[in-house]
Amino acid sequence: MESSQDSADSVSSLVRITAADVDKDPQLLLHSARPESPLTPFDGQVGAVIGDTGYVVTSPNTELIYAPHIGACTTRMRRDYHFGTDDPLYFPQPFNMTIGHLALIPAPSTHSFHNDALAWYRPRPSDFIPHSSMACSGLGFLAPELISRFETKMNALVSSALDRPTRVKNDHYIREGRAALQRLVERLHVVSTHDECLLLVACLQRQYLELYARIEWLDKYLPRIQAQERTHPVNLDLMGAFTYSPDDLQRLFYAGIPVWFTREVTHIPSLRVDKLVRPIAETANRMLPMCLSDQNVDLADAVPPHRLVWTVSPAIALASSSSSSVSPAASSPSTVQPFVDVLGNGPVIIKSDKKKPSSFLISSDNEPRRAYLISTWVKLRPIFLWILAHPGETSRIALKGSQWRSILDLASGLEYKAGTHTSKTHVEMEHLLQELVSDHRHGVMLDLRNLPASPASWLGQQLSLDKQPPVQVTRQILWELYEVSFQLEMMALDQELLPQSNWGIRQLDLSSCWHGLPFAADLNSGNIGLGSSSFEKRLPFVQALHAVVRAWPGPKPDLILFPFPQRLTDGSVTSAHFEHQVNAVEEALARFYVRTFFNTFARPPTIPHRLE
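Mapping of the sequence shown onto this note's numbering: residues 234 to 845, in sequence order.
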């Protein structure tokens with residue numbers, strides 16, 4: 234009589250076994266089942282044939298099977314701000330040692346008692362608080378209670394990363410992940426649309442889970458893989474990974490990481506599979522079951538769909554950490570001007586027939602005029618900070634001083650006689666402001682009729698249109714303008730000088746030159762940064778600026794070309810001498826930066842100021 238093994242051999246030699254064949258005759262896959270015997274990495278505690286693709290998937294250490302992508306892989310963000318079955322947060326991905334930590338991302342769970350439940354929390358409508366003092370509808374913030382929960386959770390992980398051994402905390406992915414997580418936490422306080430808030434939360438959760446997984450990889454699982462001294466118990470709370478490689482299969486199995494081995498069905502006659510299961514895959518109604526929950530992940534596309542970000546064969550596709558990219562900055566203006574000597578130390582005198590601007594910080598010596606300029610800027614401030622925080626093609630428009638003044642006039646309700654040049658500019662700026670702000674996809678609309686009547690409020694204090702605010706309030710408002718302008722100008726200059734650089738990595742270098750986000754200066758940290766009066770509070774930012782400027786092309790002063798001064802503890806360099814060295818480098822950096830900016834953009838830059 235013919236055995237089950239002989240039956241499997243004969244069938245597989247004639248036709249390619251499909252899932253339908255195994256449904257009819259489970260013994261095609263279970264011919265060598267031995268549930269009571271120990272498993273090797275190449276055995277299947279469970280297994281499944283994947284449709285009629287010609288592939289079978291087994292797992293030696295889990296009770297479930299995921300259906301891998303077979304064929305072309307096209308990746309785009311879905312409606313719920315994830316990447317569906319191409320997302321390592323929700324679905325196992327092909328394993329790669331370089332980014333092996335993606336297999337250690339905790340499997341999703343919405344149970345409130347789960348230690349990382351906040352990482353999969355989906356904000357409710359009540360978590361979005363509309364901005365109450367704007368003539369622009371559709372903008373707001375996350376609820377303060379939710380922001381506080383995220384800050385506590387994320388900051389705890391950042392602190393944990395900093396407490397690790399040097400080899401861990403200096404790891405490339407740890408450093409980048411930590412910096413990215415801190416930037417995302419800071420963005421929680423920035424005005425956004427409802428959709429942007431949801432996207433920010435999704436990015437924050439992704440960065441948290443990837444950083445957590447990387448720490449676990451370096452702390453625990455990579456040493457296990459390198460040693461392979463014994464088989465560790467599998468951690469079924471992890472997402473796990475697919476593999477096509479026998480070596481990777483053994484690494485993951487012995488380290489205790491859930492693993493799924495993908496092979497052609499021609500191997501079925503030699504396989505041991507103890508249990509047949511139905512593979513987890515996207516359902517007909519675009520849902521994906523969660524392995525640790527009775528809920529589903531919604532895989533529906535946005536309307537209209539987001540753009541494709543990845544198209545490749547999954548056999549060679551490697552899941553990668555999230556990163557941001559920014560298009561290169563537009564080329565610099567073609568204004569003809571004399572270049573200044575970037576290596577010089579003396580004053581620069583530019584010959585020009587143009588009238589010099591007033592020396593007043595605000596270009597009017599009329600107090601009511603100053604009051605109205607300040608209050609109307611404060612009124613428009615949330616709108617423009619939102620534009621800067623979420624740049625698009627329209628937000629790259631460069632405005633002249635007269636155009637800015639016209640926009641401020643719009644906010645105050647000033648009107649001009651029809652047919653004049655001023656009224657024409659007024660109408661142009663009205664259309665431009667609508668174009669800059671209006672975002673029909675996210676429900677953002679600017680009501681210019683209500684703009685003059687909307688209040689101008691600064692830190693809870695309502696400002697008058699005809700009386701200048703107290704000196705300290707005015708100083709705070711102008712300090713923020715200086716900070717935001719300096720940071721954005723420096724980013725523009727860096728992109729102009731290094732257009733081919735990896736902008737995601739370069740942003741990390743640039744963000745070390747200031748405290749916080751480049752479009753949201755923090756008044757509570759006004760004495761921290763390049764404008765600080767304290768040498769110690771200024772020092773790390775001067776050193777970061779030195780590292781950024783050294784990478785720029787072209788000649789530089791020796792003080793910039795030389796390594797940054799080092800503080801020595803052996804007594805060979807006194808604190809006073811070290812401070813003198815740093816101050817000399819700082820002055821060289823300031824001169825070089827100002828002159829380089831002038832030569833690039835045909836105007837002097839904005840520089841940091843002190844708040845106190």
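Don't be surprised by glycine CBs; every beta carbon is placed ideally from N, CA and C.
Keep in mind the model is a prediction, meaning the values are calculated, not measured.
- Within a 10 Å sphere around the beta-carbon of A389 sit fewer than 16 other beta-carbons, which makes this residue exposed.
- Under the 10 Å beta carbon count, H659 is surrounded by 16 or more other beta carbons and is classified as buried.
- For the pair V506 and G277, the CB atoms are nearer than the 8 Å cut-off.
- A straight line joining the alpha-carbon of Q636 with that of L643 spans about 11 Å.
- The three-state secondary structure of C306, taken from DSSP, is strand.
- The alpha-carbon of C436 is positioned some 45 Å away from that of H810.
- Burial state of G764 is buried, judged by a 10 Å Cβ sphere holding 16 or more other Cβ atoms.
- Where D791 is concerned, the enclosing alpha helix (DSSP H) starts and stops at 791-794.
- Going by DSSP, T495 is part of the beta strand (DSSP E) stretching over 492-497.
- In the structure shown, A352 falls within a helical segment according to DSSP collapsed to helix, strand and coil.
- By the CB criterion at 8 Å, I490 and A336 fall inside the cutoff.
- Using a Cβ-Cβ distance cut-off of 8 Å, the region 281-290 and the region 251-259 are in contact, since at least three pairs of beta carbons, one from each stretch, lie closer than that value.
- By the Cβ-count criterion, A689 is buried, with 16 or more other Cβ atoms from all chains shown falling within 10 Å of its own Cβ.
- Counting C-beta atoms within 10 angstroms of its own C-beta, S639 has 16 or more neighbours from the protein chains shown and is therefore classed as buried.
- Taken through DSSP and simplified to helix, strand or coil, V510 comes out as coil.
- The criterion of a C-beta distance shorter than 8 Å is satisfied by T295 and L469.
- Around the beta-carbon of P788, fewer than 16 other beta-carbon atoms lie within 10 Å, marking it exposed.
- Distances from the alpha-carbon of W450 to those of F795, T833, Q705, I338 put I338 closest.
- Judged by DSSP secondary structure, G373 falls within the beta strand (DSSP E) whose first and last residues are 372-375.
- Taking the Cα of V498 as reference, the smallest distance to any Cα among L743, L262, L433 is reached at L262.
- Ranked by Cα distance from F719, the options P841, T464, V290 are led by P841.
- Just so you know, the alpha carbons of T308 and E443 end up roughly 19 Å apart.
- Leaving aside the five residues that flank V611 on each side, the residues in its chain whose CB is nearer than 8 Å to its CB run, in chain order, A689, S690, W691, L696, I710.
- With 16 or more neighbouring CB atoms inside 10 Å of its own CB, R484 falls in the buried class.
- Judged by beta-carbon spacing, L379 lies within the 8 Å limit of D360, meaning their Cβ atoms are closer than that value.
- Here DSSP, grouped into helix, strand and coil, assigns L504 to coil.
- Between V279 and I303 the beta-carbon gap is near 19 Å, outside 8 Å, which marks them as no contact.
- Residue pairing from DSSP leaves Q438 without any beta-bridge partner.
- The residue among L421, I607, G634 with its C-alpha nearest the C-alpha of D755 is L421.
- Under the criterion of beta carbons closer than 8 Å, T331 and L372 do not qualify as touching, at roughly 40 Å.
- Within its own chain, the residues whose Cβ lies closer than 8 Å to the Cβ of I407, once the five positions on either side in sequence are excluded, are A394, R397, V401, L444, R447, I448, L451, listed in chain order.
- According to the DSSP assignment, P479 belongs to the alpha helix (DSSP H) that extends over 479-488.
- Here I338 carries a coil assignment [DSSP, helix/strand/coil].
- Counting only runs that start and end inside the region 662-733, the alpha helix (DSSP H) elements of at least 4 residues fall at 704-730.
- When the alpha-carbon of I458 is set against those of S478, T476, Y487, P703, the nearest one is in Y487.
- Assigned with DSSP and collapsed to three states, D452 falls in helix.
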